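Colleague:
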Amino acid sequence: MFSDYSLAELSSIFMMQGFAGLILFSVFVLMALGLAIIFGQMGVINMAHGEFMILGAYVTYFTSQFFLNYLPSLFGIYFFIAMILAFLASGALGMATEWLMIRHLYKRPLDTLLATWGLSLILQQVYRSVFGPREVGVELPSWMMGSLPVTDVVEVQINGLFVMGLTIAITVAVALLMYKSSWGKQVRAVVQNRVMAGAVGINTEKVDRYTFGLGCGIAGVAGSAFTMIGSTGPTSGQLYIVDTFLVVVFGGAQSLLGTIASAFTISQAQSTLEFFLSGSMAKVLTLIGVVVILMLRPQGLFVIKVRR
Amino acid sequence: MTTPAPTSGRTFFLRRQDMIGIAILAVLLMVVLPLTLDNFRLQFVGKYLTYAFVALGLALCWGYAGILSLGQGVFFGLGGYCMAMFLKLEASSVENTKIQTTPGIPDFMDWNQITALPWFWEPFRSFGFTTLAVVAVPALFALIIGFALFKRRVGGVYFAIITQALAAIMTILIIGQQGYTGGINGITDLRTLHGWDIRTDSAKTILYFVCVGLLIACILLAYYVKSSKLGRLLVAMRDKEDRVRFSGYDVSSFKIFVFCLAASLSAIGGAMFTLQVGFMSPSFVGIVPSIEMVIYTAVGGRLSILGAVYGTLVVNWAKTSFSESFPELWLFGLGGLFIAVVLIFPNGLAGLWQTYVAPRLGPLFGGQARRAAPPPASEPVAPAVAE
Amino acid sequence: MSSHNDGSDNFSSTRRRLLKGLAALPAAPLLSSTALFSSQAFAQAPATSAVNTTGLAVTDTEVTVGILHSVTGTMAISETGSVQAEKLAIEQINAMGGVLGRKIKFIQEDGASDWPTFAEKAKKLLVNDKVAAVMGCWTSASRKAVLPVFEQYNGMLYYPTFYEGLEQSKNVIYTGQEATQQILAGLDWVNKTKGAKSFYLIGSDYIWPRTSMKIARKHIEAHLGGKVAGEEYFPLGHTQFNSVINKIKLTKPDVIYCAVVGGSNVAFYKQLKAAGIDLNKQTLLTISVTEDEIDGIGGDNIAGAYSCMKYFQSLDNPNNKDFVAAFKKMWGEKTVIGDVTQAAYLGPWLWKMTVEKAGSFDVDKIAEASPGIEFTKAPEGYVKIHPNHHLWSKTRVGQAQLDGQFKVVFETPDLIEPDPFPKGYQ
Amino acid sequence: MNANVITDSMNKDFVLAVEGLTVSFDGFKAVNDLSFYVDENEIRVIIGPNGAGKTTVLDLICGRTRATAGSIRFKDRELTKMKEHEIVRAGVGRKFQNPSIYEDLTVFENLEISYPKGRTVLGALTFRRDAAVKERVQEVAETIFLADQLDQRAEYLSHGQKQWLEIGMLLIQDPELLMLDEPVAGMSVSERKKTAELLNRIIKDRSVIVIEHDMKFVEDIAHKVTVLHQGKILSEGSMAKVQADPKVVEVYLGH
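Protein chains in written order, with this note's numbering: chain B, 20 to 327; chain U, 1200 to 1586; chain V, -18 to 407; chain P, 2 to 256.
Right under this line is the structure:
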């Protein structure tokens, strides 16, 4: 298929595809970070992850409506406020969920899967009853739309750049939190030895609650960011769940670096395949590839070999 | 799991209370329901019972062996599609399809410019082959997956997520390859089985009894497996996999077996579904129906074989009647059920029965032993991936 | 249309009278003209035994129909409008005195976006409730699932969605357009006015987009002398379109021809805009975006794109003005009305007129009487039922505006004949 | 490995010959070039401070962990390449540090599951609880002092009884090499005595490797003691010899 294009065009293709892949990569990382914390650090399978994301998206929608109606002059910056609100809303719901439901189930990981699936059904119906069954369109400030021309053909999307920047910022923040702060040490201590962590005076219940809240809060931010590129409706969250889990599992559940590497691998594979094949087949091949690699290397890409 | 004293009375492989339980279920399904329900409602029950096959398989696979598959819909679908292919070919006789560009092939193929029957459809002209394929194709598929995953010691959460991905892959494939599969519409408009019109009320009643018969047979099979040494090994593996391995057992082969068995049971259900409902579509294959099927088993009590059947009936009956009266509330109900069955009554109906009803019924029903289930706190927390 | 609403009040008062005793009926002349009409209808109501020989749910005062759409699940987004339109039509018909002197009562069932549930509920409506007709279904898959049920139990389905064709049944009236009606005129228009020769086809991966694209491709290649620059399908719910957008940028087609549905739609247009593709410069013609979809996509993301439908909310004719006003009065100012919603609105009306023509609720007689039924008050203008149970209708091209409405830029001069099994396009 | 060809003839007398065994986890050598030999009917006790690699050695022998280098020969069969269940079937039984029994099953069923028949899928499906099985279970139950508890659910046993039950589950398979990881942990003094007695009784037909911390118990049972330190052998020989070894004293007391 390359014979139809000139060399210049080919280099443009690769640049644009590379950029498309990077956007997809950022999207995957954003989706997976929250889950990687919850699943990787706590062992909880949160099937309602997508619904936490959509909560963030709805919060963004309402913030935009509020600014449109009451503070139109500040509309240009509403998105930042919306993201903070989305984080708080999803995080708060996450902590409530942990308190009411998850904390009773730490010894039964498969049961968390069923319970959170139930939660996701309930949340979907809540969204439908409260916000209506139709998708809502989130209006963006004009500076976030459009693209910057690089060459005649190559252009980079501003919202793509924004998502990438956000992804980097959140990833760095999470990494610092998990690996540098004392709170992060507590989380990792609880993960490694709950009893011992409790014995040395760490309030494990509190750590659990805040960890879960943090994961859900990040999901909320991700949902907020996705209003730029995707749809916001009661069932939109379900679109993400399989991809998200595969990214986390493929990366090796407990490693943040693994999650990022796996998001990178899967996104590049998918966006490259999409260019050469039709969208459906690209998706199928990517999924099959991930499953086959997981069969060969069930522990995921990055996992520290430990002695038992 | 119900741990009979080694000397307790059992005939062949069934304990007395099991036999009574099966007999009650058989009477309920074969006599009570057909006499009390009109044709219309009875056909609903027939449809629900096809899901009970899946739930039965999950009780063995998940309840006993601790392998949670979120892809049982794939097997239900494979079985259903095998049967649907046979029926579709019979419905696509040359004279029925003479308006098509290529008469004699299924209508959706004609719409997709396929001019000859694909090779893998060809054997489904034979009913014998179809019957075999209904069980064998899903079992083979499960064998491949099971072999690849269990030999690599993938289990627990990881297995659940991978099977979920498989369900997603399968759905996209079926929808995308519509020339060969009927796409999102599925294979519809199935009419006759060897000239016997399966759409009539009398045919549906007969199919209902066939379905019940098969279900009872599968229940007996499940009881046999459960009461055999293999059944005890499954429980042993679930709780102490390493101990079983270091007692000289090839653990993976047992997991593969039970996974294949569950897949075949699901497939039988799928085939009966196609026969009774008259079509098969990818909407049974995906993630959502697959997880919903898990809830049937969970509601029945994940360790109870008969509970799986009752759980299926109760959830589906609730779904139908609930959504007739309060369509908006059904998802709340279903979601709440998922949470309740995990948090409040983890042993499901069987657990409730055992705690509240059985003790009052006295020894005839096996007192505390019947459909007993240990608290699920002992569910494996072992690392999913063993190195 | 406002007179209908007045009539509604009068009607209910009439009904209260009726309940008090039929003796009150002669007093009707005191009421408004609409009410007069309705009371006359009551007075003339033929005996139930004569109009209902097959045991349908018809009494001396009431006739029951079914509404069968998804209220829950992923399809609820799309089907809500249809439910609203059908309820509006039923209310208006009742206000005018009902059908053969009988008030329409409806039983609503939820298909829950799940095809077997549709089949189950269809059976319930036909077998248990014995409804005289069903307004319902949206996706092809749900229609395919219920079709055998309707044929087996001899029910009547009014199906509102534009769809892929390749079907015709005695038991279904298709009030939306079949694929050739919708597609060919739009392609001709874009070819003529924009000089379009190369087309990039993008669709969701299921039967309707694939069949539509097949027809479009044949028409482009055989009749327009154009070429297809690319053809792509994405799984339902797909949200990442950057790769295909890159391909579009490289192949620079004259027209992006688009049949992406559901949540994917939103992602597609947002990403198209973000990628700097200005739809006022790059022609995009879609067959899957109505006013309903724009609600979710956002007017500013899709402004400039062309959509090919038989109905737009902005159609300028008296029928439509009345319809839009009545719809908004019943369902709120903010609601929008898309092509399918209007087609769904036609269902109860066509059924009413057919019943009156046949003088019977019997399904066989309705199926027979349907061809030739004309509806002059249709919001889209004028429709007529073809012997193949589809509708003669015009096709229009609208350009999406910032406010989420379409500006109609083209309308076929004549009604287009429905052709569900088009020769040369299969 | 290459050394095996030469040492083959020498190995004949040993039940187990471990040579040059090494395993590393991300560069950390938990077991480093370890070699030792176990005779027929010998009770070998492995001692050493925490983290010396004792449990890892057992893991390596029974196949739970794969060796990075070296060989493990059991009656002239190379174990490093065999699957876990094959190693068990070859005659190596292993008890875990924490009693690993099936708590939901009865003592009888625990022993029955371990009975070396019906080990394939088909075999397990058709396995019958015949007289031979019952007799053998009874016999083993008596050996492990649990004959009265056969119908008891295993979870209700005392900690010491659970340890015995697990030993019994190995005995029913009649292994030629029995490996016990801390068999008397959590036992009362009298139970320890009984366990020592038990071990001395069952040694007739087999060899036993024991990991233990309790020196009194080690003295009671050990024919030979191997002291591990940082994945290497620090000292080996009779209890008396080992106890006198200054290196051992330094490791145990110097830390």
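All C-beta atoms in this analysis are idealised placements derived from N, C-alpha and C, irrespective of residue type, glycine included.
Just so we're clear, the structure is a prediction, and the values are computed from it rather than from any experiment.
When the Cα atoms are used, what is the spatial distance from B:Ala328 to V:Gly62?
Modeller: Because residue 328 of chain B is not part of the residues shown, which for chain B are 20 to 327, the question remains open.
Colleague: Cα-Cα, which of U:Thr1370, U:Val1541, U:Gly1303 is closest to B:Val261?
Modeller: The shortest Cα separation from B:Val261 among U:Thr1370, U:Val1541, U:Gly1303 belongs to U:Thr1370.
Colleague: Could I get the ranges of all uninterrupted alpha helix (DSSP H) runs contained in the segment 53 to 81 of chain P, with 4 residues as the minimum, in chain order?
Modeller: Qualifying alpha helix (DSSP H) stretches, in chain order: 55 to 63.
Colleague: Would you call V:Trp312 buried or exposed, if buried means 16 or more other Cβ atoms sit within 10 Å of its Cβ?
Modeller: Its Cβ being crowded by 16 or more others within 10 Å, V:Trp312 is buried.
Colleague: When you compare each of U:Ala1557, U:Leu1365, U:Gln1553 to U:Ile1490 by their alpha carbons, which one comes out closest?
Modeller: Considering only alpha carbons, the answer is U:Leu1365.
Colleague: Which of the three DSSP states, helix, strand or coil, is assigned to U:Arg1398?
Modeller: In the structure shown, U:Arg1398 sits in coil (DSSP, three-state: anything other than H, G, I, E or B).
Colleague: Taking three-plus beta-carbon pairs below 8 Å as touching, is the segment 125 to 135 of chain B in contact with the segment 50 to 66 of chain B?
Modeller: Contact holds: three or more Cβ-Cβ distances are below 8 Å.
Colleague: Is the CB-CB distance between U:Tyr1422 and U:Leu1255 below 8 Å?
Modeller: No.
Colleague: Any C-beta of chain V sitting closer than 8 Å to the C-beta of U:Thr1380?
Modeller: No - not a single Cβ of chain V is within 8 Å of the one on U:Thr1380.
Colleague: Do the CB positions of V:Glu132 and V:Tyr144 come within less than 8 Å of each other?
Modeller: The answer is no: Cβ separation not under 8 Å.
Colleague: Out of U:Thr1554, U:Leu1542, U:Arg1559, which has the shortest C-alpha to C-alpha gap to B:Leu129?
Modeller: Among U:Thr1554, U:Leu1542, U:Arg1559, the Cα nearest to that of B:Leu129 is on U:Leu1542.
Colleague: Would the segment 25 to 33 of chain B and the segment 241 to 253 of chain B be scored as touching if the rule is three or more Cβ pairs under 8 Å?
Modeller: Counting Cβ pairs under 8 Å, fewer than three are found: no touch.
Colleague: What does P:Glu1 touch in chain U if you count any residue whose Cβ is under 9 Å from its own?
Modeller: Chain P is shown from 2 up to 256; residue 1 of chain P falls before or after that span and cannot be answered.
Colleague: Hey, quick one: how far does the alpha helix (DSSP H) through U:Ile1455 stretch, first residue to last?
Modeller: Here the alpha helix (DSSP H) through U:Ile1455 covers 1450 to 1476.
Colleague: Does the distance from the C-beta atom of B:Ala218 to that of B:Val209 stay below 8 Å?
Modeller: Cβ distance not < 8 Å, so B:Ala218 and B:Val209 don't count as in contact.
Colleague: Name the chain V residues whose beta carbon is nearer than 9 Å to that of B:Gln287?
Modeller: By Cβ distance, chain V contributes nothing, its closest Cβ being about 11 Å from B:Gln287, past 9 Å.
Colleague: Quick one: is V:Asn261 buried, meaning 16 or more other Cβ sit within 10 Å of its Cβ, or exposed?
Modeller: Answer is exposed; the Cβ neighbour count stays below 16.
Colleague: Considering Cα atoms alone, identify which of V:Ala57, V:Ala255, V:Pro360 is closest to V:Ser94.
Modeller: When each option's Cα is compared against that of V:Ser94, the closest is V:Ala57.
Colleague: Return helix, strand or coil for B:Gln318, following the three-state DSSP convention.
Modeller: Correct three-state label for B:Gln318: coil.
Colleague: Taking Cβ-Cβ distances shorter than 9 Å, what residues in chain B pair up with U:Leu1259?
Modeller: Going along chain B, no residue has its Cβ under 9 Å from U:Leu1259, so there is no contact; the nearest lies around 16 Å.
Colleague: Distance cutoff 8 Å, beta carbons only. Does V:Met101 sit that close to anything in chain U?
Modeller: Reading off the sequence shown, one finds Glu at residue 101 of chain V, where the question assumed Met. Yes, V:Glu101 lies at the interface with chain U (some Cβ there is under 8 Å from its Cβ).
Colleague: Note down the Cα distance separating B:Leu276 from P:Pro184, rounded to an integer number of angstroms.
Modeller: B:Leu276 and P:Pro184: Cα-Cα distance of roughly 41 Å.
Colleague: Going along chain P, which residues have a C-beta under 8 Å from U:Tyr1263?
Modeller: Under the 8 Å cutoff, chain P gives no residues; its nearest Cβ is about 11 Å from U:Tyr1263.
Colleague: Cutting at 6 Å between CB atoms, please list the residues of its own chain near U:Gln1299, excluding the five before and the five after it.
Modeller: Counting only Cβ-Cβ distances below 6 Å, and skipping sequence neighbours, we find Asp1309.
Colleague: By Cβ distance, which residues of its chain are closer than 8 Å to P:Asp14, with the 5 residues on each side in sequence left out?
Modeller: Answer for P:Asp14: Asp40, Glu41, listed in chain order.
Colleague: Going along chain U in order, which residues have a C-beta closer than 8 Å to the C-beta of B:Ala134?
Modeller: Near B:Ala134 (Cβ distances below 8 Å), the residues of chain U are Phe1537, Ile1538, Val1541, Leu1542.
Colleague: Fully enclosed by the segment 1468 to 1536 of chain U, which alpha helix (DSSP H) runs are 4 residues long or longer?
Modeller: Segments of the alpha helix (DSSP H) lying fully in the segment 1468 to 1536 of chain U: 1486 to 1499, 1504 to 1524.
Colleague: Report the CB separation of V:Thr42 from V:Lys84 in whole angstroms; it is logged as a contact under 8 Å.
Modeller: So it is a contact: roughly 6 Å between Cβ atoms.
Colleague: I think V:Ser185 touches V:Ala240, with their Cβ atoms under 8 Å apart; what is that distance to the nearest whole Å?
Modeller: Their Cβ separation, rounded to whole angstroms, is 7 Å, which keeps V:Ser185 and V:Ala240 in contact under 8 Å.
Colleague: At which residues does the alpha helix (DSSP H) containing U:Asp1441 begin and terminate?
Modeller: Element bounds for U:Asp1441: 1440 to 1444.
Colleague: On a CA-only basis, which of U:Ile1494, U:Val1333, U:Leu1505, U:Ile1504 is nearest U:Ala1517? Give me that one, please.
Modeller: Closest option to U:Ala1517, Cα to Cα, is U:Ile1494.
Colleague: Since V:Thr156 contacts V:Leu327 with CB under 8 Å, what's their CB separation in whole angstroms?
Modeller: That belief holds up - the Cβ atoms of V:Thr156 and V:Leu327 are roughly 5 Å apart, short of 8 Å.
Colleague: At which residue ranges does the segment 276 to 308 of chain V contain complete beta strand (DSSP E) runs of 3 or more residues, listed in the order of the chain?
Modeller: Fully enclosed beta strand (DSSP E) runs of 3 or longer: 287 to 290.
Colleague: Measure the alpha-carbon distance for U:Phe1472 versus U:Thr1249 and round it to whole angstroms.
Modeller: The alpha-carbon atoms of U:Phe1472 and U:Thr1249 are separated by roughly 6 Å.
Colleague: I want to see whether chain P comes within less than 8 Å of U:Asp1441, judged by CB atoms only; does it?
Modeller: With 8 Å as the cut-off, U:Asp1441 counts as an interface residue toward chain P.
Colleague: To the nearest angstrom, report how far apart U:Ala1557 and U:Gly1500 are at their CA atoms.
Modeller: Rounded to whole angstroms, U:Ala1557 to U:Gly1500 spans 15 Å at the Cα level.
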